[in-house]
Amino acid sequence: MKKVVCFVLCLILACGSIFAIAACDKKDPIEPIKIVYLGDSIAEGLAGPSPLTERENYAYYALLGRCNEYVYYNRSVSGHRTGDLLELIRREDADAYMTITHIKEADIIHISILGNDILLSGFQQMLIEAADDRYDKIETILPRSRKNIANIVDRLKELNPDAVIVFQTVYNPADPDSALMNSDPKTLQTLAGMGIHEDGYRALAGKVVSRLNSVLWDYLKEHPGAFYISDVYKVFDEVYTNSREEGFRLIANDGIHPSNEGHALAALVNQELFESLGLAIARDKFVSNYKKIRMDQIERLFADSVDYKSVRKQIKKAKTYEEVSELYFGAIRGKMPKYI
């Protein structure tokens, strides 16, 4: 009887050891990457995406978040300048937005800022001065912007030294037909008197915007590795150079914010950076998730105005993100969505 009891006890101990080993050997599920978006109206996605009810399907922050299967939080605020962002992240959490908590827990902190530093500070005057190769107005602003960016980086690293920080460059929105360039006829008259006409507007604005973006590039030269730059300016400019029509479509009707197509391209620019840093889902999965979003939209919003079944089939067969975008936006261009 004692032998039987001993045998049973040994068997129980052996099984327990096996279960314990199995439990220890079982891998914990990989936690999804957490990204926090900070910045202005471009990042917030409230101006540009149309209709606004489709913000989570059009804005670049949502496309990156959903297609990569990130946990994502957007704490951007329309109208914010660099000083406003600095003030925001210097506060402690005092509401349900939990901005500081999310920053502390983030794997990626993505920032779109700087644009309002010039847009709300005499941009038209900057254009006039740039036509004469003078930059007095913008140079009264950039020192403060540089200081704010430096303090923003320091504060973010204080809150979360392990996070990858990404700044997105400001794109050039100028076009002879854009609302931005036509908002002040007096400025256009002054430029005409200086020999600057429609065909020179974009290059002129490019001088000003490039000077603004130098705030990021110069900081990075002085502090290598402090953050990464997603160069949306460069990619948008390449599209515009190749085709003014396609470049014009990247900007919303207000002449300032990215359109739905602009947001889709901005998402791709950031995605390529994230992939290079090993912070993105596999590209085929990313594209697959993107297809689902666009196939849902084409049926839900445009079933009455396009052959959505045909477009869905084409999207399903598409191999790349770019092809999906081309199929979707090409099909809906000029069509009114069904507001639900």
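Numbers given in my numbering equal positions in the sequence shown, counted from 1, plus 32.
Cβ atoms here follow ideal geometry from the backbone N, Cα and C, with glycine treated the same way.
Legend entry - Among E63, A128, S320 and I145, nearest to G77 - alpha-carbon criterion: I145
Inset, instruction - In angstroms with no decimal places, state the Cα-to-Cα distance between E124 and K189. - result: 15 Å
Legend entry - Cβ neighbour criterion (16 or more within 10 Å) applied to A296: A296 comes out buried.
Legend entry - DSSP-derived helix/strand/coil call for Y129: coil
Inset, instruction - Kindly indicate which three-state DSSP category G111 falls into: helix, strand or coil? - result: coil
Legend entry - Status (buried if at least 16 other CB within 10 Å, exposed otherwise) for E230: Burial call: exposed.
Legend entry - Where K253 falls: helix, strand or coil (DSSP): helix
Legend entry - Separation of E119 from V240, as counted between CA atoms: E119 has its alpha-carbon roughly 26 Å from the corresponding atom of V240.
Inset, instruction - Could you pull out every residue in the same chain whose Cβ sits closer than 6 Å to the Cβ of K136, ignoring the five residues on either side in sequence? - result: L191 and N192
Legend entry - 3 or more residues per run - each beta strand (DSSP E) lying fully within the stretch 194-253: 196-200
Inset, instruction - Within 10 angstroms of the Cβ of K349, are there 16 or more other Cβ atoms? Answer buried if so, exposed if not. - result: exposed
Inset, instruction - Can you have a look at S262 and say buried or exposed, based on whether 16 or more other CB atoms are within 10 angstroms of its CB? - result: Here S262 is buried: its Cβ has 16 or more other Cβ atoms, across all protein chains shown, within 10 Å.
Inset, instruction - Using the Cα positions of I330 and L95, report the straight-line distance between them to the nearest angstrom. - result: 16 Å
Inset, instruction - Check G71 in the structure and name its three-state DSSP category. - result: strand
Inset, instruction - Mark T172 as exposed unless 16 or more other C-beta atoms lie within 10 angstroms of its C-beta, in which case mark it buried. - result: exposed
Inset, instruction - Keeping to the same chain, check which residues put their C-beta closer than 6 Å to that of A284; ignore five residues upstream and five downstream. - result: G80 and S291
Legend entry - Inter-residue spacing [alpha-carbon to alpha-carbon] between N302 and V319: C-alpha separation (whole angstroms): 14 Å.
Legend entry - Where the alpha helix (DSSP H) containing H295 begins and where it ends: N292 to S308
Inset, instruction - May I have the straight-line CA-CA distance separating P217 from D186, to the nearest angstrom? - result: 42 Å
Inset, instruction - Sort A235, W249 and E254 by Cα distance to D269 and report the nearest one. - result: A235
Inset, instruction - Tell me where the beta strand (DSSP E) around S373 begins and ends. - result: As displayed, the chain neither begins before 33 nor continues past 372, which places residue 373 out of reach and without an answer.
Inset, instruction - Measure the alpha-carbon distance for I313 versus N100 and round it to whole angstroms. - result: 5 Å
Legend entry - Straight-line Cα distance separating L220 from K324: 45 Å
Legend entry - Nonlocal neighbours in the same chain, by C-beta distance under 8 Å from D168, ignoring five residues either side: E161
Legend entry - Beta-carbon contacts of Y90 that lie in its chain and below 7 Å, excluding the five residues immediately before and after: Counting only Cβ-Cβ distances below 7 Å, and skipping sequence neighbours, we find P81, N292 and H295.
Legend entry - Proximity to V202 [Cα-Cα], best of W249, S210 and F306: Cα-wise, what sits closest to V202 is W249.
Inset, instruction - From the DSSP output, in three-state form, read off K66 for me. - result: strand
Legend entry - Own chain, CB closer than 7 Å to D286, minus 5 neighbours either side, in chain order: The beta carbon of D286 sits closer than 7 Å to those of A79 and A211, all from its chain and outside the five residues before and after it, given in chain order.
Legend entry - Nearest neighbour of R326, chosen from K345, T114, A138 and L311 [CA to CA]: K345
Inset, instruction - Apply the 10 Å Cβ neighbour rule to L84 and answer buried if 16 or more other Cβ atoms are within range, or exposed otherwise. - result: By the 10 Å Cβ count, L84 comes out exposed.
Legend entry - C-alpha gap between A138 and G115, whole angstroms: A direct Cα-to-Cα measurement between A138 and G115 gives close to 22 Å.
Inset, instruction - Apply the 10 Å Cβ neighbour rule to G147 and answer buried if 16 or more other Cβ atoms are within range, or exposed otherwise. - result: buried
Legend entry - Terminal residues of the beta strand (DSSP E) in which S337 lies: Per DSSP, S337 belongs to no beta strand (DSSP E) and is neither H nor E.
Inset, instruction - Identify which residue in I347, K367 and G225 has its Cα closest to the Cα of D336. - result: K367
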